[in-house]
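Q: The structure that follows is given in the form of structure tokens.
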Amino acid sequence: MKYRKRIEAAVMTAVLTVSCIFPSYGTKTDVDAARESKSNLENEKKEIEKTIEKLEVLKSDTASYVNQLDAELNSLNKQVTALNSRVAAKEAEIEEAEAELAASKEDERRQYESMKLRIQYMYEKGETSYLDLLFKSADLTQLFNRAEYISQIAAYDRKMLDQYEAASEEVAAREADLKAEHEELVALKTNTEEKQKDAERLMNEKTAELKSYNSKIAASEGSLSDLEKDIAAQEDKIKAIEAELKRKEEEAKKAALEAGKKYNTVSIGNINFIWPCPASSRITSSFGDRESPTEGASSSHQGIDIGASTGSSILAAASGTVTISTYSYSAGNYIMINHGGGVSTVYMHCSELLVSAGQEVTQGQVIAKVGSTGYSTGPHLHFGIRVNGSYVNPINYVSP
């Protein structure tokens, strides 16, 4: 008994010494917090990557539309230039037709004035002068010639007047056609210029959108770069904390072993066990019959409960193969290790499992963390030993 008390004192001293050497930084909570932070950053990174992907699609669509508008605008510019040339040519034709019409009207006026003078002369002289002209003819031939001449003059006047009138009408009709064509060209030009303005407006809008997308993509890529740096920093932090945890566990294991935590009270074949919870030697519930501590818990206790703080390391009591690493509603997170020869150990109510089924473990390896999962009244390790399928009292094989 005195020896056991000295061992307990040595263990407590070792644990306290390790606690002083390693500060609270580097706990499981720190790792979880760092991993959660990293996970949040990675989720944020994914969202930004999705945003960039959407922006790139919008940018590509807008760039294609801008190229289409540019081609359309070039075509409209060429159409406007061509229409300007056609309008100018049509206006020149109209000016030419107007000059031709003015000349034709002048010819018509002159012919009309000539006819007026002859008609006036005939009116003023009366028909007698014409009769005198005819009767004063030397012979019949001269008479007929003079009569024919007078008739030809009248016919000529009428013919020339008709020709000038017809020419004027033709030129006027051509001028009207030219003006109508001019109006159509001007209307077409106006319509094309409106399309040109619309295309320019759309071009300006889409160019501004393209610029905005480029700015947003650049900003998102900047945020992405910052997040990648933050994620890398979190990874470094996690590695540092895990390294610190590993150092603390190694120190705790070393201190426990140095304090006499390793016991070989009784051997099972060639299997020797070590105490599975270096952080505590306090047995809160022994093996065998007991009063059920909580609803659902067994009154026939198939192991021992070692009270310890949440997150304390749980060591493999001996080397072997992990056969179970899972969750049970009663045992919580638990592990079973097969040590061969029909011997296995059980570790229940863990807060975290660090090994998987099928994995080989060595004696003293940290396999889990103390917790209070399943049917439990507080953080502790339920440690059990099975021999050929039946539970035996662990204290017979290892004790604090």
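Numbering (the numbering used here), first residue to last: 33 to 432.
Here a beta-carbon is modelled for each residue, glycine too, at the ideal position from N, C-alpha and C.
Just so you know, these numbers come straight off a predicted model, no measurement behind them.
For LEU234, which of helix, strand or coil comes out of DSSP?
A: Correct three-state label for LEU234: helix.
Q: Thinking C-beta only, is HIS333 closer than 8 Å to GLY352?
A: no
Q: For CYS309, which residues in the same chain have their Cβ closer than 8 Å to its Cβ, ignoring the five residues on either side in sequence?
A: Once the five neighbours on either side are set aside, the close Cβ partners of CYS309 are ILE338, ALA340, SER344, SER345, ILE346, LEU347, VAL402, LEU413, PHE415.
Q: If you reduce the DSSP assignment to three classes, tell me which class VAL50 lands in.
A: A caution first: VAL50 carries a pLDDT of 36, below 50, which makes its placement in the model unreliable, though a value can still be read off. In this structure, VAL50 counts as helix in the three-state DSSP scheme.
Q: Could you name the residues of the same chain whose beta carbon sits closer than 8 Å to that of CYS382, not counting the 5 residues immediately before and after it, in chain order?
A: ILE346, GLY364, ASN365, TYR366, ILE367, ALA400, LYS401, VAL402, GLY403, THR405, LEU413
Q: For ALA265 and SER318, I'd like the C-alpha separation in whole angstroms.
A: 46 Å
Q: I think ALA95 touches LEU242, with their Cβ atoms under 8 Å apart; what is that distance to the nearest whole Å?
A: 6 Å
Q: Under 7 Å Cβ to Cβ from LEU133, same chain only, skipping five residues before and after it: list those, please.
A: SER200, VAL203, ALA204, GLU207
Q: Can you list, in chain order, the residues of its chain with a C-beta nearer than 8 Å to that of GLU123? Leave out the 5 residues immediately preceding and following it.
A: HIS214
Q: At a cut of 8 Å, does the region 80-89 reach the region 222-230 through at least three beta carbon pairs?
A: no
Q: Rounded to whole angstroms, what's the CA-CA distance from SER247 to ALA240? Just pull it up for me.
A: 11 Å
Q: What's the gap between the Cα of ILE417 and the Cα of GLU392?
A: 18 Å
Q: Cβ of GLU85 less than 8 Å from any chain C Cβ?
A: The displayed structure is made up of one protein chain only, and chain C is not part of it.
Q: In whole angstroms, what is the alpha-carbon distance linking ASN106 and VAL98?
A: 12 Å
Q: Can the beta-carbon of ILE249 be found closer than 8 Å to that of LYS70?
A: no
Q: Would LEU217 pass as a contact of ARG142 if the rule is Cβ separation under 8 Å?
A: No, the Cβ-Cβ distance between LEU217 and ARG142 is not below 8 Å.
Q: Can you tell me the Cα-Cα spacing of SER388 and VAL354, whole angstroms?
A: 7 Å
Q: Using CA atoms only, rank isn't needed, just tell me which of ALA311, ASN420, GLY396, GLU128 is closest to GLY374.
A: Ranking the options by Cα distance to GLY374, first place goes to ASN420.
Q: Tell me ALA400's beta-bridge partners as DSSP assigns them.
A: ILE346, LEU385
Q: Excluding the 5 residues flanking TYR361 on each side, which residues of the same chain have their C-beta closer than 7 Å to its C-beta?
A: GLY406
Q: When the Cα atoms are used, what is the spatial distance from ARG279 to VAL89?
A: ARG279 and VAL89 have their C-alpha atoms spaced approximately 50 Å apart.
Q: Straight-line CA distance for SER324 to ASP64?
A: Per-residue confidence for SER324 stands at a pLDDT of 48, beneath the threshold of 50, marking its modelled position as unreliable; the derived number appears in the next sentence. Using only the alpha carbons, I get a separation of about 33 Å.
Q: Looking only at C-alpha atoms, which of GLY335, VAL398, SER255, THR394 sits nearest to VAL430?
A: Cα-wise, what sits closest to VAL430 is GLY335.
Q: Which same chain residues, not among the five before or five after LYS211, have their C-beta less than 8 Å away from its C-beta?
A: Scanning its chain for C-beta atoms nearer than 8 Å, with the 5 sequence neighbours on each side dropped, one finds around LYS211 the residues ILE126, in chain order.
Q: By alpha-carbon positions, which one of ALA114, THR409, LEU256 ends up nearest to LEU220?
A: With distances taken between CA atoms, LEU220 lies nearest to ALA114 out of ALA114, THR409, LEU256.
Q: Reducing DSSP to helix, strand and coil, say where ASN365 ends up.
A: strand
Q: Reducing DSSP to helix, strand and coil, say where TYR407 ends up.
A: coil
Q: Alpha carbon to alpha carbon, how far is GLU68 from ASN425? Give it in angstroms, no decimals.
A: Whole-angstrom Cα-Cα distance: 40 Å.
Q: Looking at the secondary structure, which residues open and close the beta strand (DSSP E) in which ILE315 lies?
A: 315-317
Q: On the DSSP letters alone, give me the boundaries of the beta strand (DSSP E) that GLY335 sits inside.
A: Careful: GLY335 lies outside any beta strand (DSSP E) and carries neither H nor E.
Q: Here's the rule: buried if 16 or more other CB atoms are within 10 angstroms of the residue's CB, otherwise exposed. What is SER377?
A: Per the sequence presented here, residue 377 reads as Thr, with Ser not at that position. With 16 or more Cβ atoms within 10 Å of its Cβ, THR377 is classed as buried.
Q: What residues in its chain sit with their C-beta under 6 Å from that of ARG314, if we drop five residues either side in the sequence?
A: GLY339
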